[in-house]
Structures are given as structure tokens and as C-alpha cells.
Amino acid sequence: MAQFHRDPASYLALMREEVPDYERLQDETAAATGTAVRRVLELGTGTGETARRVLERHPEAILVGVDASREMLEHAAAALPADRVQLRVAGLHEPLPDGPFDIIVSALTVHHLDAGAKAQLFRRAVAALAPRGRLVLGDVVVPQHAADAVTPIDGEYDLPDSAADQLAWMTDAGLRASVAWAHRDLAVLVGDAPGDGGVIDELVANNQAFAAALPAQHLDVRPRRRLVIVTCMDSRLDVFKALGLREGEAHILRNAGGVITDDVIRSLAVSQRRLGTREVMLIHHTACGLQTLTDDGFRAELQEATGVAPAFAIESFTDVDADVRQSILRVRRSPFVLHRDLVRGFVYDVDTHGLREVDVERES
Ligand code: ZN
0 MAQFHRDPAS YLALMREEVP DYERLQDETA AATGTAVRRV LELGTGTGET ARRVLERHPE
60 AILVGVDASR EMLEHAAAAL PADRVQLRVA GLHEPLPDGP FDIIVSALTV HHLDAGAKAQ
120 LFRRAVAALA PRGRLVLGDV VVPQHAADAV TPIDGEYDLP DSAADQLAWM TDAGLRASVA
180 WAHRDLAVLV GDAPGDGGVI DELVANNQAF AAALPAQHLD VRPRRRLVIV TCMDSRLDVF
240 KALGLREGEA HILRNAGGVI TDDVIRSLAV SQRRLGTREV MLIHHTACGL QTLTDDGFRA
300 ELQEATGVAP AFAIESFTDV DADVRQSILR VRRSPFVLHR DLVRGFVYDV DTHGLREVDV
360 ERES
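So this is what it looks like as C-alpha cells:
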């Protein structure tokens, strides 16, 4: 491929000649930069072909471009919007500009590095990426089948590696690596940086696997068992597992304590009057967090910390059975709830996993 002695004016024509799918590679590289991008670092800006596409795709973004050739960058500067780019003369072995960047992108550049320098560049890229940032490499690779090696390789400046090797080095650097596009000896490789340590990133990844493993289905919005469960937010009670329930079968209302608040009554009213439920099952539990505080104490704590007394009731309790009875009575006495006769209350033991019913005298 055309190398460092290249002439900017004729470089683009030469690349198009030597890389048959040059335009496609550029387009796929830009497409792989995703969405919601503000700060881009480009490695090997060259004449600005990739930068132009990336800036077009992300109208809010600014781009820092580095290239070893001052001549090339002068060419790029003339082709790119001056207020959105900062161009710097630097080689890929030099320290990267200060991040964090949402995207680090490079097209037809990284194949000039040998295997060790590529792996090392990926590690430096990770350090310059923002949480959930992305490294995008569009480049010539060593194809799986020799017949696919259609781009001229000079063996001195061109040091391509296989996509598989580069994905492995990205993974070693801490990126989630994948192939965004591949054709013959060209590929767009993507490495996604982890989030900022939040557990939600992990859950989003879990969900991708969960959704991928399931066929699509559509269930009725009205719960099949015509049931509402009101319970505590406690993390030890898996309502679906503990009661043998499945999706589409019941409404589950949860708050601290499983307390019957105005908002729970609101949900019960919608559930029974619009979505066809009848029975109400209240489940409180042993060792509840609300037993560890008092109304007055927590109210004072909130007021002291914020300067504002909360408008809501704290609803702490000491006797779990008494609290279940009170909750049953609140549902039974609410005019907004349609089926007030079908309310039962229970205590779930978080250690034994068993339910125990709490009886309430029927009011006449
Ligand atoms: Zn609780």
C-alpha cells in the first residue's frame, strides 16, 4: 500500500486504486462509531476521509486528529471544518492526546504497527477512552483464506494481523471486542470499554444474553391469574420464584415495607378497575429494614440532612403481624379498591422461605 513518502494530493486516488472497497471500508468505519458521540480521537487522520465521515455522522462532536505527516494534516485541515477539529503531528508510538474520548477511530493506519505495538496501542487506547467509549478500527487484515488477500502488502510498512488476533488483543486490553463488518481482507473491528464500574452495565449485558435466548412473545396486559401482590422491596424475596409465578400472571407492587400507601391504592385501583384483577395478596417479611428505624427518628434524620420535613409517612413498624393486619384493613377500607373481600396477608420468612398467613377478623 502507498506509504509514508506519499503525496497528499495523489494519496486518495492511490488508496482507492489499491483498496478496492476503500469507500465501503470508510463508510463502515464511520457507521461503527455508534451514536451520542461528543469527543473523537482519530489515529492517522491522513487526508481527512474518515474524519469527514465521522464528523458528518456526529454533528455535535469535535475531533482530535493525529498523523505523523505534517503535509497530510495540512491537506486534512483544508478539507475539514476548522472549528470542529484539532490536528496534531504525532506518530502512533507517541503518547495519545489527553482523553477521555467517546470514540477512538482509525482507518488504514494501525496495520503499520507490528503485533506487539498493536496490542500496546489497544491498552493505551483503553486508558484514553471514556466509560462505555469505543475503539473502532477499519483496516486491512490477514484474511482467513489466502485468496481474499487482495490489497497489496509491501511487507515492510504493511504489517497486518488477523482479525481474530486483534480481537484477542482488544479483549486482553479490557475491551469487549467484536467484528462490525468484514469483507475479504478488510474489517472493521470494535472494542467497547466497560462502564464506570456501575452494576447496571453488567445487567444490560445480562439482558442482551437473556433476550437473545428467548423467542419473542406477546402476553395480555391483564394478569392471567387476576392477582395483585403487594410486598416489600426486600432483595431476599424473589416473588416469582417463591410463589411459582410466571410472567403475565400477576401485578407486583413493591415498596419499603410493602406498605399500603396512597400510591399503592392508586395502583390497586388501576389493576382492579382497568386490568381485571380481583385477589390481593399482601406479603410482609421477617427481618424487615423498616423494623430497624422509627418514624420520628428517620423523619428527624431526613429533616436534619435536607432542611425539609418529608410529606410522606415513614411507616416503620415493630410487630410484623400487626403491620400485616393494618395493611389488610387499609385495602378493605379503601373505596377506590373494587374487590375488597379478596384480601389476604402473609409473613415471608427470609431464612426458611416459608409463608405464614396472618388472620384478620372480618369487619361487618
Ligand atoms: Zn422489608
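Heads up, the sequence shown is in numbering that gives the first Met the number 0, so the first residue is 0 and it goes up one at a time.
Ideal Cβ placement from N, Cα and C applies to all residues, glycine included.
If you're wondering where the values come from, they're calculated on a predicted model, not measured in any experiment.
Length of the line joining the Cα atoms of residue i and residue j
i, j, result
"ALA372", "VAL39", "Residue 372 lies beyond the stretch modelled for the chain, which goes from 0 to 363, so this question has no answer here."
"ASN205", "VAL198", "11 Å"
"HIS352", "ALA310", "35 Å"
"THR291", "TYR347", "17 Å"
"GLN207", "GLY194", "16 Å"
"ASP101", "GLU314", "45 Å"
"LEU354", "HIS338", "23 Å"
"ALA146", "THR170", "28 Å"
"ALA192", "PRO96", "18 Å"
"TYR324", "LEU341", "Residue identity check: residue 324 is Arg in the sequence provided, not Tyr. Those two C-alpha atoms are separated by around 14 Å."
"LEU236", "VAL349", "7 Å"
"SER9", "GLU27", "23 Å"
"ARG272", "SER177", "49 Å"
"ASP358", "THR305", "40 Å"
"LEU158", "HIS74", "26 Å"
"ARG277", "GLY257", "18 Å"
"ILE282", "GLY296", "25 Å"
"VAL312", "SER326", "Before going further, note that residue 312 is Ala rather than Val in the sequence given. One C-alpha to the other measures close to 14 Å."
"ASP6", "ALA67", "13 Å"
"ALA211", "MET71", "45 Å"
"ARG123", "GLY98", "11 Å"
"GLU360", "ARG331", "12 Å"
"TYR21", "GLN119", "26 Å"
"ASP261", "ILE103", "50 Å"
"ARG245", "PRO130", "36 Å"
"THR293", "LEU328", "22 Å"
"LEU301", "PRO80", "52 Å"
Distance CB(residue i)-CB(residue j) smaller than 8 Å
i, j, result
"ARG221", "LEU267", "no"
"SER270", "VAL227", "yes"
"VAL135", "ASP184", "no"
"LEU112", "LEU128", "no"
"LEU174", "GLY154", "no"
"VAL84", "LEU62", "yes"
"ALA255", "MET280", "no"
"ARG52", "ALA78", "no"
"TRP168", "PHE121", "yes"
"SER105", "GLY45", "no"
"HIS182", "ARG23", "yes"
"VAL319", "THR285", "yes"
"ALA114", "ASP164", "yes"
"ARG223", "GLY247", "yes"
"ILE259", "PHE335", "no"
"ALA172", "VAL125", "yes"
"VAL65", "ARG87", "yes"
"ARG15", "THR32", "no"
"GLU41", "ALA50", "yes"
Burial state of residue i (16 or more Cβ within 10 Å)
i, result
"TYR156", "exposed"
"GLU48", "buried"
"GLY344", "buried"
"LEU202", "exposed"
"ARG69", "exposed"
"VAL187", "buried"
"HIS132", "Inspection of the sequence shows that residue 132 is occupied by Gly rather than by His. Buried."
"LYS117", "buried"
"LEU252", "buried"
"SER234", "exposed"
"GLU303", "exposed"
"ALA321", "exposed"
"GLN25", "buried"
"GLU93", "exposed"
"VAL18", "buried"
"LEU54", "buried"
"ASP160", "buried"
"LEU289", "buried"
"PHE209", "exposed"
"ALA162", "buried"
"HIS144", "exposed"
"LEU166", "buried"
Opposing strand residues paired with residue i [DSSP bridges]
i, result
"ASN254", "CYS231"
"SER9", "DSSP lists no partner for SER9."
"PHE345", "ILE282 and GLU356"
"ALA249", "LEU226"
"SER161", "VAL141"
C-beta neighbour in chain B for residue i, strict 8 Å
i, result
"ASP219", "The structure shown contains no chain B; it holds only a single protein chain."
For this session: For the segment 35-64, list the alpha helix (DSSP H) runs that are entirely contained and at least 4 residues long, ordered along the chain.
Result: 48-56
Exercise. Considering only residues of the segment 166-221, which uninterrupted beta strand (DSSP E) runs meet the minimum length of 3 residues and lie entirely inside it, listed in chain order?
Worked result: 175-182 and 185-191
Problem set entry | Runs of alpha helix (DSSP H) lying entirely within the segment 55-140, each at least 4 residues, in chain order | 69-78 and 114-127
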